[in-house]
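*Asks:*
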Amino acid sequence: KEAKLWGGRFEDSVTAAVERFSESVSFDKALYKQDIMGSRAHAQMLAHQGLMTASDRDSILHGLDEIERQIDSGEFAWRTDREDVHMNIEAALTDMIGEPAKKLHTARSRNDQVVTDLRLWCREAIDKIVASLRQLQVALIRLGLENKGLIVPGYTHLQRAQPVLLQHLLLSYVEQLERDVGRLVDCKDRMNFCPLGACALAGTGLPIDRFLTSDALGFTAPMRNSIDAVSDRDFVLEFLSANSIIAVHLSRLGEEWVLWASEEFGFLSPSDSVSTGSSIMPQKKNPDPMELVRGKSARIVGDLMSLLVLCKGLPQAYNRDLQEDKEPLFDSVKTVQGMLEVTTEFAQNITFNRARIQKVLPAGHLDATTLADYLVKKGMPFRTSHEIVGKCVALCVARNSQLCDLTLDELREVHPIFEEDVYDFLGVENSVKKFSSYGSTGSECVAEQLSFWISKFQID
Ligand code: ARG
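Each residue of the sequence shown is one higher than the one before, starting from 66 at the first, in UniProt numbering.
#1: Measure the C-alpha to C-alpha separation of D182 and V366 and round it to an integer number of angstroms.
#2: With three or more beta-carbon pairs closer than 8 Å as the criterion, would you say the region 421 to 441 touches the region 466 to 485?
#3: Straight-line CA distance for F411 to L223?
#4: From A166 to K399, what distance separates their C-alpha atoms?
#5: When every heavy atom of ligand 1 is checked, does at least one fall within less than 7 Å of the C-beta of Q388?
#6: Are the CB atoms of P260 and A312 nearer to each other than 8 Å?
#7: Relative to the alpha-carbon of Q241, which residue among V195, I216, Y383 and D93 has its alpha-carbon at the smallest distance?
#8: Name the DSSP beta bridge partners of G219, please?
#9: Have a look at the DSSP bridge pairing and note the partners of F417.
#10: Along the chain, which unbroken stretches of the alpha helix (DSSP H) at least 4 residues long are found entirely within the region 462 to 496?
#11: Have a look at S89, M445, N418 and D297 and flag the residue whose alpha-carbon is nearest the alpha-carbon of L373.
#12: Nearest-angstrom Cα distance between G270 and R173?
#13: Are the beta-carbon atoms of I216 and V497 separated by less than 8 Å?
#14: Of the choices N176, L201, S291 and D274, whose alpha-carbon is the least far from that of L387?
#15: Straight-line CA distance for G403 to K193?
#16: Apart from the five residues on each side of it in sequence, which residues of its chain come closer than 6 Å, Cβ to Cβ, to Q202?
#17: Roughly how many angstroms lie between the CA atoms of F284 and S237, to the nearest whole one?
#18: Among E148, P272 and A382, which has the Cα closest to the Cα of E67?
#19: Would the beta-carbon of H151 be found less than 7 Å away from any heavy atom of ligand 1?
#20: Taking the alpha carbon of S316 as the reference point, which residue from L405, N495, D489 and A420 has its own alpha carbon closest?
#21: Name the residue from G319, F141 and H451 whose alpha carbon lies nearest to the alpha carbon of A437.
#22: Compute the distance between the beta-carbons of I191 and D245, then report whether it is under 8 Å.
#23: Going along the chain, which residues of its own chain have a beta-carbon closer than 8 Å to the beta-carbon of F276, five neighbours each way excluded?
#24: List the endpoints of the continuous alpha helix (DSSP H) containing A81.
#25: Using 8 Å as the Cβ pair cut-off and three pairs as the minimum, do the region 84 to 104 and the region 123 to 140 touch?
#26: Going by beta carbon distance, what residues of the same chain come within less than 7 Å of V150, once the five residues before and after it are set aside?
#27: Report all residues from its chain with a CB closer than 7 Å to the CB of R419; omit the five preceding and five following residues, and keep chain order.
#28: So T145 packs on E84, CB below 8 Å; how close in whole Å?
#29: Output yes if chain B places a C-beta closer than 8 Å to the C-beta of A190; else output no.
#30: In chain order, what residues of the same chain lie with their CB nearer than 7 Å to the CB of E320, ignoring the 5 residues before and after it?
#31: Please determine whether the Cβ atom of D299 lies at a distance below 7 Å from any heavy atom of ligand 1.
#32: So which of K391, S508 and A463 has the shortest CA-CA distance to V179?
#33: Classify N351 as helix, strand or coil using the three-state DSSP reduction.
#34: May I ask whether a heavy atom of ligand 1 can be found less than 7 Å away from the beta carbon of S344?
#35: In chain order, what residues of the same chain have a beta carbon less than 7 Å from the beta carbon of Q227, not counting five sequence neighbours either side?
#36: Is it buried or exposed for Q232, if we count other Cβ within 10 angstroms and need 16 for buried?
Below you can see the structure in the form of structure tokens.
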């Protein structure tokens, strides 16, 4: 049995159960690129500072290149008795190049090493998620462009409220995704500080240069406080919070599209390529991908909760509990990526059923608020006009008709203020035309929003 890298003061080796229970290499090997990157920068700094010779540095660098090649190609033998990614790589380097490898861990601890790896990993993961968010935004904008002028019922409380342009609705999601991007970018800027050189927790008396490693690894600066550097996982918490908000946004979109794909709504049809069938009911065509988007959002929120609870009872500096930060992080990133990818594909593969939407648009008195505004334009106080239009609606409900079906005489019986021009405000098409406030569903207002996004993303 191989001696542990930390084995000096031990007489006995750990039990098999403890080894199985404690190892993290089975999942933290995902950090190997970052770990090697960190070791390269560290070795270069040590040589620069006279803490190792140039020739030791060169053999370390060559050894690390070879180890990276072996891992890339799947030849590398990961060993759980070497516990984690850090000791696997360091021990393999020692096997390969001998003595010089023993200098690599000078002025370094796994405590600052792991959190450096993690920050580097998160930084890259954020860039990928941002790129996927951008793709979804573009898909939603294109979907809007394909459905120019299409009016859909707008809902509040899932009850018919006011008519809106489909483009307006789709762009509301684009706005949310834009803030999601902003949160990730903020999070990345805040996390981009270098813990390397904090060592176990107290720093070191050896003449290292933390600014050198920080620069080499593309960080903004070294972290100011070595205890803070090894203690906190707030950057992961922030990242998983941002992912949770993305997941909740996508879940709501998923819920809407699942509803809209139902027979009852019938507003959209997903293509076969994004639907699945039933093993028993031959007629079924289900929007499963979006149901799973809704479902998987639960894991992402769960990942955040795991990490919050993990951190809440810890005293300052490194505690082994922190090893448990990785699986929720990896899961959250992988899941949110999948959700974004599939939502984008779904958006590229749905058709809005114009005929069906137009057929059901007259129901629900979507133009009632526009009618109330008409009375306001005639000088009536809004509370009074609300009351009057309420009475008109009651009349329609009683006869199962629409506001635009009421004759001028009937309207005047409710209140004499009505004139012939009222019909210009009734009906869904007319109603939509009346919107003019900034950010509203009026076609010019929506066109303005659209042109903002088109030029931002240079969509043709
Ligand atoms: N595998 C450990 C982790 O993921 C690395 C740091 C271990 N440090 C220690 N002192 N045992 O957190």
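Where is the CB? At the ideal position from N, CA and C, for every residue including glycine.
*Replies:* Based on what the coordinates show:
#1: Between the alpha carbons of D182 and V366 lies a gap of roughly 24 Å.
#2: yes
#3: 23 Å
#4: 34 Å
#5: It does: the Cβ of Q388 is within 7 Å (strictly closer) of some heavy atom of ligand 1.
#6: no
#7: Each of V195, I216, Y383 and D93 was checked against the Cα of Q241, and the nearest Cα belongs to V195.
#8: By DSSP's assignment, G219 forms a beta bridge with Q227.
#9: Answer is L333, bridged to F417.
#10: If we require 4 residues or more, the alpha helix (DSSP H) runs fully inside the region 462 to 496 come out as 473 to 479.
#11: D297
#12: 12 Å
#13: yes
#14: It is N176 whose Cα lies nearest to the Cα of L387.
#15: Taking the straight line from one Cα to the other gives about 12 Å.
#16: V239 and L242
#17: 35 Å
#18: If we check each option's Cα against that of E67, E148 comes out closest.
#19: yes
#20: L405
#21: H451
#22: no
#23: A286 and P287
#24: A81 to S87
#25: yes
#26: V90, D93, K94, L96, Y97 and D100
#27: L215
#28: Contact between T145 and E84 holds, with the beta-carbon distance rounding to 6 Å and staying under 8 Å.
#29: Note that chain B does not occur in the displayed structure, where there is just one protein chain.
#30: R359
#31: no
#32: It is K391 whose Cα lies nearest to the Cα of V179.
#33: In the structure shown, the three-state DSSP call for N351 is strand.
#34: Checking the Cβ of S344 against ligand 1 gives no.
#35: G219, L431 and T434
#36: buried
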